[in-house]
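Inspection log for the structure reproduced underneath, given as structure tokens.
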Amino acid sequence: MTTRRRSSSRLQSLFVKFSTVSAITVLLLFLALAFAFALPESDQLLSRGSNGTRNGSEFSSGPRSRPKEDSFADMIDRALEKEFTENDKDEVNDAGSFNNSVAEQQAVLETVARVKPKKNDTKKEDKSFQLHHVFKLDNDHGAEETPTLIDRKDNVFIISNFKSKYPVLQLDLRLISDLVVVIVSATCGGIAFACAGQPVITGYLLAGSVVGPGGFNVVSEMVQVETVAQFGVIFLLFALGLEFSTTKLRIVRAVAVLGGLLQVLLFICLCGITASLCGGKPSEGVFVGAFLSMSSTAVVLKFLMEKNSTNALHGQVTIGTLILQDCAVGLLFALLPILGGTSNVLQGLISMTKSLVMLLSFLAILSILSRKCVPWFLKLMISLSSQTNELYQLASVAFCLLVAWCSDKLGLSLELGSFAAGVMISTTDLAQHTLEQVEPIRNFFAALFLASIGMLIHVHFLWNHVDILLASVILVVIVKTVVTSAVVKAFGYNNKTSLLVGMSLAQIGEFAFVLLSRASNLHLVEGKLYLLLLGTTALSLVTTPLLFKLIPGVVHLGVLLRWFPPDSPSEFGFKSDNFRSDSAKQRIALVSKDLIHEG
28 MTTRRRSSSR
38 LQSLFVKFST
48 VSAITVLLLF
58 LALAFAFALP
68 ESDQLLSRGS
78 NGTRNGSEFS
88 SGPRSRPKED
98 SFADMIDRAL
108 EKEFTENDKD
118 EVNDAGSFNN
128 SVAEQQAVLE
138 TVARVKPKKN
148 DTKKEDKSFQ
158 LHHVFKLDND
168 HGAEETPTLI
178 DRKDNVFIIS
188 NFKSKYPVLQ
198 LDLRLISDLV
208 VVIVSATCGG
218 IAFACAGQPV
228 ITGYLLAGSV
238 VGPGGFNVVS
248 EMVQVETVAQ
258 FGVIFLLFAL
268 GLEFSTTKLR
278 IVRAVAVLGG
288 LLQVLLFICL
298 CGITASLCGG
308 KPSEGVFVGA
318 FLSMSSTAVV
328 LKFLMEKNST
338 NALHGQVTIG
348 TLILQDCAVG
358 LLFALLPILG
368 GTSNVLQGLI
378 SMTKSLVMLL
388 SFLAILSILS
398 RKCVPWFLKL
408 MISLSSQTNE
418 LYQLASVAFC
428 LLVAWCSDKL
438 GLSLELGSFA
448 AGVMISTTDL
458 AQHTLEQVEP
468 IRNFFAALFL
478 ASIGMLIHVH
488 FLWNHVDILL
498 ASVILVVIVK
508 TVVTSAVVKA
518 FGYNNKTSLL
528 VGMSLAQIGE
538 FAFVLLSRAS
548 NLHLVEGKLY
558 LLLLGTTALS
568 LVTTPLLFKL
578 IPGVVHLGVL
588 LRWFPPDSPS
598 EFGFKSDNFR
608 SDSAKQRIAL
618 VSKDLIHEG
């Protein structure tokens, strides 16, 4: 029985092998016949000439040689050429998009120059050493550089979509080189300042200024690097929204919303009146007031997180005011054309009303979605990410970017949308888990963003005008501290909390660069005033870490002078700093909520 079984199994295996070989042979013959019949008859004959013979004598005297038969590879090549005929287009005549854009007046013809990639030219080679040669991305290995165009105003354009006959992977090697330079320099600057016991934010800012146009100018694509770095603000505010408590926001909403608006109006009125008294244009004074009312969201939040002060009372008031300033960005942009004289007052009021309606509608829709859809979506991602958190992390980032993108498309700011996305998740039970997944991404892009802000700082310009710029920064710090502290004090907070909020918001924000650029395009601010505001903003960002270092000493001095109650050494920079209220009504509200939860 065993012998019969073995013989039968051998026969079965031989039959299977024979069947497989036969099937492969038949398949190859079928493919060969298919390619042969698919080729046109004219392509199956070779041209007759001298190449088909060994020499000229044989061609002239001997009989005519038979044409050489095509190889199988040649037949395959011709079959593929016949199959993929849609890519055989005339690239010279394929200029429909260019012609249509000009014909429809969507584009204007201008003269531009295309920069040729630098070759290894030894005739006029400069042997002197320059620092940017160290960071220059060498293309000797054969990689092609991204084409660059320059117009008559020396504006540099990087081609974003290179026309190619076939779809190919396109790389911007200069952008990769610039990102490497910025990231490495920010790391070195942070390490150096951390070893010196100074805030790492200062190291990020100065590192960016060293490699930027005001320093050694080793970064070529400024716009691209700053665009990538913008993710730093988005994820920073997203993480802030995850940590934000809506209960505590309700307690400080009066001073955050009404007080924040009052601060902006006070700065606008104060600077407008000052400009009128000094003989200047009231429109410039109003813009300067709106310009100075903005504080640095990224820098302040970074310090509050490092000092674990986001849940402190002054931290909540500061954050609420910063969010209100981000919400007011759209209104300020609508105000600029009125000040510049490019639109009348009625159009400006309509634009501001539209922005306000969009803001309220957007927040209402997000509030509904946070109760109905967000918890279900997060639970679904958790169930799908049982083994790894990769999918949940990707979904969290995608949710943040989607809400921020919708906010930007509605005419609001990216910062508002990212913060609102974090607040939506903070109402669920997965806020802490989401924060743990996003925190490494936030830290990386926040450092990149601060370094990109540093690239706008020209150290040489600051050094040449350090006297007038330093005096301007000191004046701005004093005025903003006094005005902000007075507004917070007017809402019933004690002297210590008012001073902490005032000093935390005493700098000029990085978004002021955008406002200043927009005002310059509208010819609202020109000449020396533009340079003064630009230098003051840059120096303010550089000196902000030093200002935060002075806050504990100022608070301690206030305690010694009995300006502040001596209940705690400082309310800034200690992990034991708790959220506490200054008014009796707020204390009663907190105690009642605690009793309800305990019951």
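In the working numbering, the protein residues as written are 28 to 626. Here a beta-carbon is modelled for each residue, glycine too, at the ideal position from N, C-alpha and C. The model shown is predicted, which means the values in this text are computed figures rather than measured ones.
Inset, instruction - Tell me whether the beta-carbon of V245 lies closer than 8 angstroms to the beta-carbon of V208. - result: As a working mapping, residue 245 is identified with position 218 in the sequence shown. As a working mapping, residue 208 is identified with position 181 in the sequence shown. Going by C-beta atoms, V245 is nearer than 8 angstroms to V208.
Legend entry - R141 (DSSP reduced to helix, strand or coil): Within the sequence shown, numbered from 1, the residue matching residue 141 stands at position 114. Three-state result, R141: strand.
Legend entry - Alpha-carbon to alpha-carbon, V284 and L349: Sequence index remark: in the sequence shown, residue 349 carries index 322 (1-based). Sequence index remark: in the sequence shown, residue 284 carries index 257 (1-based). L349 and V284: Cα-Cα distance of roughly 10 angstroms.
Inset, instruction - Please confirm if the stretch 235 to 253 is in contact with the stretch 500 to 511, defined as three or more CB-CB distances below 8 angstroms between the two stretches. - result: no
Inset, instruction - Tell me L184's beta-bridge partners as DSSP assigns them. - result: Mapped onto the sequence shown, residue 184 falls at position 157. The sequence given here has Phe at residue 184, not Leu. Per DSSP, L176.
Legend entry - Where S603 falls: helix, strand or coil (DSSP): Stepping through the sequence shown from its first residue, residue 603 is reached at position 576. Confidence is the limiting factor: at S603 the pLDDT is only 37, short of 50, which leaves the residue's position unreliable, though a coordinate-based value still follows. Three-state result, S603: coil.
Inset, instruction - Put H583 into one of helix, strand or coil per three-state DSSP. - result: Mapped onto the sequence shown, residue 583 falls at position 556. Correct three-state label for H583: helix.
Inset, instruction - Could you check which residue in L588, P592, L475, V509 has the C-alpha nearest to that of Q257? - result: The sequence position of residue 257 within the sequence shown is 230, counting from 1. That would be L475, whose Cα lies nearest to the Cα of Q257.
Inset, instruction - Under 8 angstroms by Cβ, that's how I've got D353 and L443 pegged, so tell me the actual separation to the nearest angstrom. - result: If you number the sequence shown from 1, residue 353 lands on position 326. If you number the sequence shown from 1, residue 443 lands on position 416. At roughly 5 angstroms, the Cβ-Cβ gap stays under 8 angstroms, so D353 and L443 are in contact.
Legend entry - For R545, the first and last residue of its enclosing alpha helix (DSSP H): The residue labelled residue 545 in the question sits at position 518 within the sequence shown. R545 -> alpha helix (DSSP H) spans 539 to 548.
Inset, instruction - Indicate whether F404 and A546 have their beta-carbon atoms separated by less than 8 angstroms. - result: Residue numbering aside, residue 404 sits at position 377 when the sequence shown is read from its first letter. Residue numbering aside, residue 546 sits at position 519 when the sequence shown is read from its first letter. Not a contact, by the Cβ cut-off of 8 angstroms.
Inset, instruction - Just confirm the distance between the C-beta atoms of L396 and M451, as a whole number of angstroms; I'd bet it's less than 8 angstroms. - result: By one-based count along the sequence shown, residue 396 stands at place 369. By one-based count along the sequence shown, residue 451 stands at place 424. Yes, L396 and M451 are in contact; Cβ-Cβ is about 7 angstroms, under 8 angstroms.
Legend entry - Distance CB(I480)-CB(G241) smaller than 8 angstroms: Looking up residue 480 in the sequence shown gives position 453. Looking up residue 241 in the sequence shown gives position 214. No; because the gap between Cβ atoms is not below 8 angstroms, this pair is not in contact.
Legend entry - 6 angstroms CB neighbourhood of T564 in its chain, flanking five on each side removed: Mapped onto the sequence shown, residue 564 falls at position 537. Contacts found: I535, A539.
Legend entry - the stretch 504 to 521 contacting the stretch 276 to 296, beta-carbon criterion three pairs below 8 angstroms: yes
Legend entry - Contact the stretch 568 to 577 vs the stretch 223 to 230: 3+ CB pairs below 8 angstroms: yes
Legend entry - Three-pair Cβ contact test at 8 angstroms for the stretch 552 to 572 versus the stretch 316 to 331: yes
Inset, instruction - Write down every uninterrupted run of the alpha helix (DSSP H) in the stretch 264 to 317 whose length is 4 residues or greater and which is fully enclosed by it, in chain order. - result: 273 to 280, 286 to 304
Inset, instruction - Would you mind sorting V552 into buried or exposed? The rule is 16 or more other CB atoms within 10 Å of its CB. - result: As a position in the sequence shown, residue 552 is number 525, starting the count at 1. Looking at its Cβ environment, which holds 16 or more other Cβ atoms inside 10 Å, V552 is buried.
Legend entry - E466: first and last residue of the uninterrupted alpha helix (DSSP H) it sits in: Position 439 of the sequence shown, counted from the first residue, corresponds to residue 466. Run containing E466: 458 to 481, per the alpha helix (DSSP H) assignment.
Legend entry - S322 to K190 span [Cα, whole Å]: The residue you call residue 322 lines up with position 295 of the sequence shown. The residue you call residue 190 lines up with position 163 of the sequence shown. Distance between the alpha carbons of S322 and K190: 43 angstroms.
Legend entry - Residue environment, S303, which counts as buried when at least 16 other CB atoms sit within 10 Å: For the purposes of this step, residue 303 is taken as residue 276 along the sequence shown, with counting starting at 1. S303 is exposed by the Cβ-count criterion.
Inset, instruction - Rank A533, S512, D178 by C-alpha distance to the C-alpha of L526 and give the top, closest one. - result: In the sequence shown, the residue the question calls residue 526 occupies position 499. Nearest option by C-alpha distance: S512.
Inset, instruction - Mind reading off the beta-carbon distance from S204 to V237? Whole number of angstroms is fine, and I expect it under 8 angstroms. - result: One-based indexing of the sequence shown puts residue 204 at position 177. One-based indexing of the sequence shown puts residue 237 at position 210. Their Cβ separation, rounded to whole angstroms, is 16 angstroms, which puts S204 and V237 out of contact at 8 angstroms.
Inset, instruction - Answer yes or no: do V582 and K523 have a C-beta to C-beta separation smaller than 8 angstroms? - result: Taking the first residue of the sequence shown as 1, we reach residue 582 at position 555. Taking the first residue of the sequence shown as 1, we reach residue 523 at position 496. In this structure, K523 lies closer than 8 angstroms to V582 by Cβ.
Legend entry - R201 - containing alpha helix (DSSP H), residue span: Within the sequence shown, numbered from 1, the residue matching residue 201 stands at position 174. From DSSP, the alpha helix (DSSP H) with R201 extends over 200 to 222.
Inset, instruction - Using the Cα positions of F243 and I484, report the straight-line distance between them to the nearest angstrom. - result: Numbered from its first residue, the sequence shown carries residue 243 at position 216. Numbered from its first residue, the sequence shown carries residue 484 at position 457. Between F243 and I484, the C-alpha separation is close to 12 angstroms.
Legend entry - Cβ separation of L393 and A447, assumed to be a contact under 8 angstroms, to the nearest whole Å: Translated into the one-based positions of the sequence shown, residue 393 becomes position 366. Translated into the one-based positions of the sequence shown, residue 447 becomes position 420. At roughly 5 angstroms, the Cβ-Cβ gap stays under 8 angstroms, so L393 and A447 are in contact.
Legend entry - For G449 and S410, the rounded distance between their alpha carbons: Residue mapping note: residue 410 aligns to position 383 of the sequence shown, counting from 1. Residue mapping note: residue 449 aligns to position 422 of the sequence shown, counting from 1. So the alpha carbons of these two residues sit roughly 21 angstroms apart.
Legend entry - CA-to-CA distance, I346 to V528, given in whole angstroms: Numbered from its first residue, the sequence shown carries residue 528 at position 501. Numbered from its first residue, the sequence shown carries residue 346 at position 319. Looking at the two C-alpha atoms, the distance is approximately 9 angstroms.
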